[in-house]
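>
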Amino acid sequence: MITIKSEREIELMREAGGLVARVLDMLEKEIAPGVSTKRLDELAEQFIRDHDAVPSFLNYAPKGEPGVTPYPATLCVSIDNEVVHGVPSARRIIGEGEIVSVDCGAYKSGYHGDSARTYIVGEVDPAVRQLVEVTRECLALGIGQAVEGNRLHDISAAIEKHARAFGYSVIENMVGHGIGSELHEEPAVPNYGRPHTGVKLRSGMTLAIEPMIAIGRSRRAVSKRGAWVAVTEDGRHSAHFEHTIAIRKGAPEILTK
Ligand code: MF3
Ligand code: CO
25 MITIKSEREI ELMREAGGLV ARVLDMLEKE IAPGVSTKRL DELAEQFIRD
75 HDAVPSFLNY APKGEPGVTP YPATLCVSID NEVVHGVPSA RRIIGEGEIV
125 SVDCGAYKSG YHGDSARTYI VGEVDPAVRQ LVEVTRECLA LGIGQAVEGN
175 RLHDISAAIE KHARAFGYSV IENMVGHGIG SELHEEPAVP NYGRPHTGVK
225 LRSGMTLAIE PMIAIGRSRR AVSKRGAWVA VTEDGRHSAH FEHTIAIRKG
275 APEILTK
């Protein structure tokens, strides 16, 4: 079931979302060569707790996958060929020339905000830099379709079209999602699809739109058994941007800004 949020609920989601945006702003200043991904995680967790919220991902256990260990951290920090769900570690030191995707969720006053950005560390190969910029544009174009009266896959199709125009591949087995009092609600929001299909978008729906786009041909992000981190099949780079948004009449509202 897709829930329609009231004005009051959207107001609370704006608070949770705003907090996530401030975490990602704060981390932008901390991400540099020599910093461990664990350090970023500690800073993010402290920041969230200092603002009367709790990390959404910490101890998260996917439903219907009993073998998977609960997620052990506040952030997902996924570098270069890692697509999503990189678990922060004291041994993983950020290096010059890497792209670092940071995904963060916060739960405050009963609602979640969820957002991700890919940061560029120092001098990055121009082809990789372009991947990051195009993935950022994919998110903006997807959000642009998130208006009342459109259909869900108008978002998906806009993302896919832009990625394909640059010869990139869309990661198909990881998708965006509804969000609210649960981190993952219906509907799934794929990053590919046919325009004018899918459910009608209605004012008060809240979605986490999150393109994961790769150089090369990988259409899936794959994990070793028991591991959280998911990487491209061919080892090429992948980028990830995400916003939590509310469908409105007219322009969508970005809740994680
Ligand atoms: N933004 C991602 C998602 O919505 C991050 C989830 S990490 C997890 O799936 F640990 F919560 F799974
Ligand atoms: Co998400």
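Residue numbers (the working numbering): 25 to 281.
C-beta atoms are modelled at their ideal positions from N, C-alpha and C, and glycine is treated no differently.
Note that the coordinates shown come from a computational prediction; the quantities given were computed from them, not determined experimentally.
Quick one: is the Cβ of residue 206 within less than 6 angstroms of any heavy atom of ligand 2?
For the purposes of this step, residue 206 is taken as residue 182 along the sequence shown, with counting starting at 1. Residue 206: no, Cβ never under 6 angstroms from ligand 2.
> If you compare alpha carbons, which of 199, 86, 75 and 44 is closest to residue 141?
On the sequence shown, residue 141 is found 117 positions in, with the first residue counted as 1. Of 199, 86, 75 and 44, the residue nearest in Cα terms is 44.
> Give the list of continuous alpha helix (DSSP H) stretches no shorter than 4 residues that lie fully inside the segment 153–237.
Whole alpha helix (DSSP H) segments, 4+ residues: 176–189.
> Residue 127: beta carbon under 6 angstroms from a heavy atom of ligand 1?
Numbered from its first residue, the sequence shown carries residue 127 at position 103. Under cutoff, so the answer is yes.
> Starting from residue 65, trace the alpha helix (DSSP H) in both directions and tell me its first and last residue.
Stepping through the sequence shown from its first residue, residue 65 is reached at position 41. Segment 61–74, the alpha helix (DSSP H) holding residue 65.
> I need the boundaries of the beta strand (DSSP E) containing residue 129, first residue and last residue.
Here residue 129 refers to the residue found at position 105 when the sequence shown is read from its first residue. That run of the beta strand (DSSP E) goes 123–132.
> Count the CB pairs spanning the segment 60–71 and the segment 93–107 that are closer than 8 angstroms, and state whether there are at least three.
The answer is yes - the segment 93–107 touches the segment 60–71, with three or more Cβ pairs under 8 angstroms.
> By how many angstroms is the C-alpha of residue 30 removed from the C-alpha of residue 215?
As a working note, residue 215 is residue 191 in the sequence shown. As a working note, residue 30 is residue 6 in the sequence shown. Cα-Cα distance, rounded: 27 angstroms.
> Contact check, residue 138 vs residue 203 under 8 angstroms by CB: the rounded distance?
Residue mapping note: residue 138 aligns to position 114 of the sequence shown, counting from 1. Residue mapping note: residue 203 aligns to position 179 of the sequence shown, counting from 1. With a Cβ gap of about 6 angstroms, residue 138 and residue 203 count as contacting.
> Residues in the same chain with beta-carbon distance under 6 angstroms from residue 36, minus the five sequence neighbours each way, listed in chain order, please.
Translated into the one-based positions of the sequence shown, residue 36 becomes position 12. Once the five neighbours on either side are set aside, the close Cβ partners of residue 36 are 133 and 135.
> Could you tell me if the beta carbon of residue 68 falls within a distance shorter than 6 angstroms of some heavy atom in ligand 2?
Locating residue 68 in the sequence shown gives position 44, counting from the first residue. No, the beta carbon of residue 68 sits no closer than 6 angstroms to any heavy atom of ligand 2.
> Bridge partners of residue 266, per DSSP?
Here residue 266 refers to the residue found at position 242 when the sequence shown is read from its first residue. Residue 266 is bridged to 140.
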